[in-house]
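Student: Input: one structure, supplied below.
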Amino acid sequence: MRSNGSLRGSHFVLLAGVFALLVQLPIGVWITLSVIAGIVGVIALSIRAVEHRRTMSAAEVEQLFIGRAAEAAAAEERARTAWKQRTETLGVGNAALIDSALSALEQLSASEAARTGWLGDVDLAPDIRGIIDNFEKAHALRKVADTLSALDKPSDDDRRIVAEAKNAIANLERTASERVESIVKCAKEVHLIDKTLSDKRKEAKTAEQRAELHAKLSGMLYAIEPAPNTTAADSAIDAVMMRANAFREIMRSN
2 MRSNGSLRGS HFVLLAGVFA LLVQLPIGVW ITLSVIAGIV GVIALSIRAV
52 EHRRTMSAAE VEQLFIGRAA EAAAAEERAR TAWKQRTETL GVGNAALIDS
102 ALSALEQLSA SEAARTGWLG DVDLAPDIRG IIDNFEKAHA LRKVADTLSA
152 LDKPSDDDRR IVAEAKNAIA NLERTASERV ESIVKCAKEV HLIDKTLSDK
202 RKEAKTAEQR AELHAKLSGM LYAIEPAPNT TAADSAIDAV MMRANAFREI
252 MRSN
C-alpha cells in the first residue's frame with residue numbers, strides 16, 4: 002500500500018512539474034504548439050477520410066464485379082432457355098441451323114458495309130421468320146408421323162399418309178436449309194466487302210505516307226551541299242603521306 006501511495010505521489014509531482022513548466026512558456030510558444038496540434042489533427046482526419054474512401058472504393062468495385070457476374074449468369078440462363086425452346090419446337094438439328102442463320106445475320110448487321118450503306122436498305126427478318134416457320138411445321142409433322150409409325154399393325158393408309166408427311170418434311174427442311182445457307186453466304190460476301198474497304202484504306206494511307214516520305218527525302222537531299230571535288234594536288238591526305246615518306250627517308254639517311 003505504501004508503494005502504491007508513493008507511486009501516485011510521484012505521478013502527481015511529475016504532472017505538477019509539467020503544468021508549471023507549461024505555464025511559464027511564452028505566448029508565442031503556446032500559439033506555435035496550438036498551430037502544430039491543429040495541423041496534426043487535420044492530417045489525422047485527412048488520413049481517416051482517405052482510408053474511408055479506399056474502403057468504399059473497394060466495396061464499390063466488389064459490387065461492380067458481383068453485378069457483372071450476375072448479368073453474365075442471367076444472359077447465359079436466357080441463352081439456355083432460348084436454346085431449349087428452339088429444340089422443343091424445331092428439333093436439335095434445325096435449332097442449330099437457326100443459330101447459324103442468326104449468327105450470320107448478326108455479323109451482317111454489324112458489318113461496315115451495312116453501316117456505311119453499301120448493302121442498301123435490306124431486312125432479312127422475313128427470311129428468318131420463314132425459316133423458323135418451315136422448321137416448326139417440319140418438326141410438328143415429324144412428331145405426329147413418328148407416333149403414327151410406332152403404332153402396331155400399320156395399315157396401308159398409315160403408310161401412305163406417313164410417306165406424304167415425310168415428303169412434306171423433306172421439302173420444308175430443304176427450303177429452310179437453303180435459306181440458311183444463303184444467309185450464311187451473304188455474311189461471307191459482306192465480310193469480303195469489309196476486307197476490301199479495309200485494304201483500300203490501308204492502301205490510301207500507305208500512298209499518303211509514301212508521298213510524304215518522298216517529299217521529305219527530296220528536301221533533305223536538296224539541302225545537302227555537294228562535297229568538294231578534291232584532286233591529288235590539294236588533297237590533305239596525300240600531303241600527309243608525302244611528309245610521312247619524307248620523314249622516313251630522312252631517318253634512314255641518318
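The sequence shown lines up with residues 2 to 255 when you count with this note's numbering. Positions of the beta carbon are idealized from the N, C-alpha and C atoms, including for glycine.
Answer yes or no: do Val191 and Ala114 have a C-beta to C-beta separation smaller than 7 Å?
Tutor: Yes.
Student: Helix, strand or coil, according to DSSP, for Ala220 in the structure here?
Tutor: Reading off the sequence, residue 220 comes out as Gly, not Ala. It is helical.
Student: With a threshold of 7 Å on Cβ separation, who are the neighbours of Thr207 within its own chain once the five nearest residues in sequence on each side are excluded?
Tutor: There are no such residues.
Student: Less than 7 Å between the C-beta atoms of Leu142 and Ala171, yes or no?
Tutor: In this structure, Ala171 does not lie closer than 7 Å to Leu142 by Cβ.
Student: For a test of the three-state rule: what should DSSP assign to Pro127, helix, strand or coil?
Tutor: Note: Pro127 maps to helix in three-state DSSP.
Student: Nearest CA to the CA of Cys187: which residue from Glu174, Leu103, Ala237 and Met243?
Tutor: Here the closest residue by C-alpha is Leu103.
Student: According to the neighbour-count rule (16 or more other Cβ atoms, all chains shown, within 10 Å of its Cβ), is His140 buried or exposed?
Tutor: Classification of His140: buried, given that the 10 Å Cβ count is 16 or more.
Student: Under the three-state reduction of DSSP, which class applies to Ala233: helix, strand or coil?
Tutor: Interpretation of Ala233 is limited by its pLDDT of 49, a score under 50 that renders its predicted location unreliable; no figure is taken from the coordinates.
Student: Helix or strand or just coil, what does DSSP make of Ala102?
Tutor: DSSP places Ala102 in helix when its eight states are reduced to three.
Student: Helix, strand or coil, according to DSSP, for Leu91 in the structure here?
Tutor: Helix.
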